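A.B. asks: Below: one structure in structure tokens.
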Amino acid sequence: VLFAFPWGYYADTGGRRRALLLSTTVGFTFAALSSFSINWQMMLAFKIIGSSFSSSSFTLVMTYLGESIGSARRSQYLFIMNSMNLASEIVSFGLALFILPLTFHWSVPWLHVTLRAWRLFTFIIAVPLGVGAVLLFYLYESPTFLANKGDTEEAIKVLRKIFVFNGGDEKKEFEIGHLKHSKSVKLKETIWQSLKKQTVPLFQPPLLWRTLQLFYLLVICCTTNNVFLMWYPTMVNLFFNSVSSGSKDMGFCEAVVQNITTDINAENYVCDDSISLKTIYSGIALGLFFTVINLAASKLASWRRLVLISCYLVAALSCILVGSLTEPIASMIFFILIQITAIGIGSVSSYFVDLYPTSNRGLVTCLAMMVARMTSFSGVNLLGAVVMVRFRWFVKRRIRSR
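Numbered per our numbering, the sequence shown spans residues 22 to 423.
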């Protein structure tokens, strides 16, 4: 969250590709190192440093991809990119299904650690960042960014390489000879002047109203999805354990709190860190479901506003039904459908590329995601508090009924 602003600023001044390369390289390094942590303090430090770099990758890719695609296909490709982001849940849950049940213990004295399944899982999850960093060496800087910066010759070279790579004939078909660019005298700026130049226009007319609108829309998409996604494994695990124990004809909330009635402060309390296989299967199914839905929605990218409105309506209706239905399967279905707002992220992202000048796109996208993540963080804690309040109410009701 805190690093969103500097990453957006760096992407708008230093380049999209350069920012992504730094983000993925350092993010992978510290994510991989965290799997060899000797204590939780070291893991926490590595995770914070690594996530402060890798967390910017998604927002920067949205800007990078949006500038590299023509306006006619831009929305569709951003939808597809969001599908790949959702598909990562299939990969993570799938890897967890095969890796976490492993029971090996390999002592590595010179590292002062014992290699276990969770360390292997942590390392493998970090590998895609490293692969992404390597692949970035084969990509070019955004020609839109280069042209906006005044480096029109380099922008033409990049366009020519892209044209040839896509099967075009450079000599016969490539017709771009030069790019128009307004010449302006570049004055030496201090860091504060540069920050002001990049930031202030976003919160002044004519961009102010659009900034507030898009920030709000992205907050709804990310918060509604992330809050429930963060609690998804816990909620589903408790739910399935309750249903399997014979708890029928009760709402989703009652089923969730049914299995957390043990006093954790009791002397004979035993920590149960087991996870139901149904929870992992549900996670894989969740990722697959939303990936397919998002890919289908990409065919309707030209009606992105309608897609966004539909997602909000489905999520709102699901929020109402999940707390009122007593059928377990129906409750679980609507709990999953609450997270359908994730599909709207691709739609909102395309607006950032369409409505903002090149010199501000990276920063405004990162700032929007920063606000969305801050709201999501608050929502995660709020939902946890609501569950505990529901738990206490549930316990009191059971005591009174006896």
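The C-beta atom is built at its ideal place from N, Cα and C for all residues, glycine as well.
Model, not experiment: these values are computed from the prediction.
1) Excluding five sequence neighbours on each side, which residues of the same chain lie with their C-beta closer than 7 Å to the C-beta of S58?
2) For the structure I just gave you, are there three or more beta carbon pairs, one from the stretch 112-121 and one from the stretch 299-310, closer than 8 Å?
3) Tell me the rounded alpha-carbon separation between S339 and F356.
4) Of the choices P226, E194, V369 and K201, whose alpha-carbon is the least far from that of D172?
5) Identify every residue that forms a DSSP beta bridge with V129.
6) By the DSSP assignment, the alpha helix (DSSP H) with G87 in it spans what residues?
7) Could you give the DSSP three-state label for A93: helix, strand or coil?
8) Just the Cα atoms here: how many angstroms apart are R231 and W61?
9) Should V392 and F236 be called a contact, given that it needs their Cβ atoms to be closer than 8 Å?
10) From A196 to K178, what distance separates their C-alpha atoms?
11) Along the chain, where does the alpha helix (DSSP H) that runs through W61 open and close?
12) Using CA atoms only, rank isn't needed, just tell me which of P27, D33, F24 and W28 is closest to P378.
13) Applying the 10 Å Cβ sphere with the 16-neighbour rule, what's the burial state of G29?
14) Kindly list the residues whose CB is nearer than 6 Å to the CB of F74, restricted to its own chain and excluding five residues on each side of it in sequence; keep chain order.
15) Is it buried or exposed for K193, if we count other Cβ within 10 angstroms and need 16 for buried?
16) Going by C-alpha to C-alpha distance, which of V221, V155, F311 and L229 sits closest to M105?
17) In this structure, how does DSSP classify Y237 when only helix, strand and coil are distinguished?
18) Would you please state the rounded distance, in angstroms, between the beta carbons of L121 and A138? I believe it to be under 8 Å.
19) Whole angstroms are fine: how far does the CA of V369 sit from the CA of L238?
20) Taking 7 Å as the cut-off, is the C-beta of W139 nearer than that to any heavy atom in the ligand COA?
21) P222 and L216 look like a contact to me (Cβ under 8 Å); what is the Cβ gap, rounded to whole Å?
22) Can you name, in chain order, every residue of its own chain whose Cβ lies under 6 Å from the Cβ of L346, other than the five neighbours on each side?
23) Ignore the nearest five residues each way along the sequence and tell me which others in S89's own chain have a CB closer than 7 Å to its CB.
24) Applying the criterion that 16 or more other CB atoms from any shown protein chain within 10 Å of the CB defines a buried residue, is L358 buried or exposed?
25) If you reduce the DSSP assignment to three classes, tell me which class I364 lands in.
26) Determine whether the beta carbon atoms of C428 and A25 lie at a separation below 8 Å.
27) Within 10 angstroms of the Cβ of R94, are there 16 or more other Cβ atoms? Answer buried if so, exposed if not.
28) Pick from S96, M102 and A52: whose alpha carbon is nearest that of I146?
C.D. replies: Looking at the coordinates:
1) As a working note, residue 58 is residue 37 in the sequence shown. Counting only Cβ-Cβ distances below 7 Å, and skipping sequence neighbours, we find M64 and F67.
2) yes
3) Position 318 of the sequence shown holds residue 339. Position 335 of the sequence shown holds residue 356. Their Cα atoms are separated by approximately 7 Å.
4) Counting from one through the sequence shown, the residue named residue 172 turns up at place 151. Looking at the Cα atoms, K201 is the closest of the given residues.
5) Counting from one through the sequence shown, the residue named residue 129 turns up at place 108. Beta-bridge pairing links V129 to V134.
6) By 1-based counting over the sequence shown, the position of residue 87 is 66. Start and end: S78 to S89.
7) Within the sequence shown, numbered from 1, the residue matching residue 93 stands at position 72. In this structure, A93 counts as coil in the three-state DSSP scheme.
8) As a first step, residue 231 is located in the sequence shown; it is residue number 210 there, counting from the start. As a first step, residue 61 is located in the sequence shown; it is residue number 40 there, counting from the start. About 43 Å.
9) The residue you call residue 392 lines up with position 371 of the sequence shown. The residue you call residue 236 lines up with position 215 of the sequence shown. The answer is yes: Cβ separation under 8 Å.
10) By one-based count along the sequence shown, residue 196 stands at place 175. By one-based count along the sequence shown, residue 178 stands at place 157. For the sequence presented, residue 196 should be read as Glu rather than Ala. C-alpha separation (whole angstroms): 12 Å.
11) On the sequence shown, position 40 is the one that residue 61 refers to. Counting along the chain, the alpha helix (DSSP H) containing W61 begins and ends at W61 to S75.
12) Sequence index remark: in the sequence shown, residue 378 carries index 357 (1-based). If we check each option's Cα against that of P378, D33 comes out closest.
13) Reading the sequence shown from its first residue, position 8 is the one you call residue 29. Buried: at least 16 other Cβ atoms inside 10 Å.
14) The residue you call residue 74 lines up with position 53 of the sequence shown. S44, V47 and G48, listed in sequence order.
15) The count along the sequence shown starts at 1 and reaches residue 193 at position 172. Classification of K193: exposed, given that the 10 Å Cβ count is below 16.
16) Start at 1 with the first residue of the sequence shown, and residue 105 comes out as number 84. Selected option, being the one with the closest Cα: F311.
17) Locating residue 237 in the sequence shown gives position 216, counting from the first residue. Reduced to three states, the DSSP call for Y237 is helix.
18) One-based indexing of the sequence shown puts residue 121 at position 100. One-based indexing of the sequence shown puts residue 138 at position 117. About 5 Å separates the two Cβ atoms, so the contact holds.
19) Position 217 of the sequence shown, counting from 1, holds the residue named residue 238. Position 348 of the sequence shown, counting from 1, holds the residue named residue 369. So the alpha carbons of these two residues sit roughly 7 Å apart.
20) In the structure shown, the ligand COA is absent, as is every other ligand, since no ligand is present at all.
21) Walking along the sequence shown from the start, residue 222 turns up at place 201. Walking along the sequence shown from the start, residue 216 turns up at place 195. 12 Å between Cβ atoms; not a contact.
22) Position 325 of the sequence shown, counted from the first residue, corresponds to residue 346. Excluding residues within five positions, the ones whose Cβ falls inside 6 Å are S352.
23) Here the question's residue 89 lines up with position 68 in the sequence shown. Cβ within range, chain order: S163.
24) In the sequence shown, residue 358 corresponds to position 337, counting from 1. Under this definition L358 is a buried residue.
25) Translated into positions along the sequence shown, residue 364 becomes position 343. In the structure shown, I364 sits in a helix (DSSP, three-state: H, G or I).
26) Any property of residue 428 remains undetermined from this structure, which presents the chain solely from 22 to 423.
27) Reading the sequence shown from its first residue, position 73 is the one you call residue 94. With fewer than 16 other Cβ atoms within 10 Å, it is exposed.
28) Counted from its first residue, the sequence shown places residue 146 at position 125. Among S96, M102 and A52, the Cα nearest to that of I146 is on A52.
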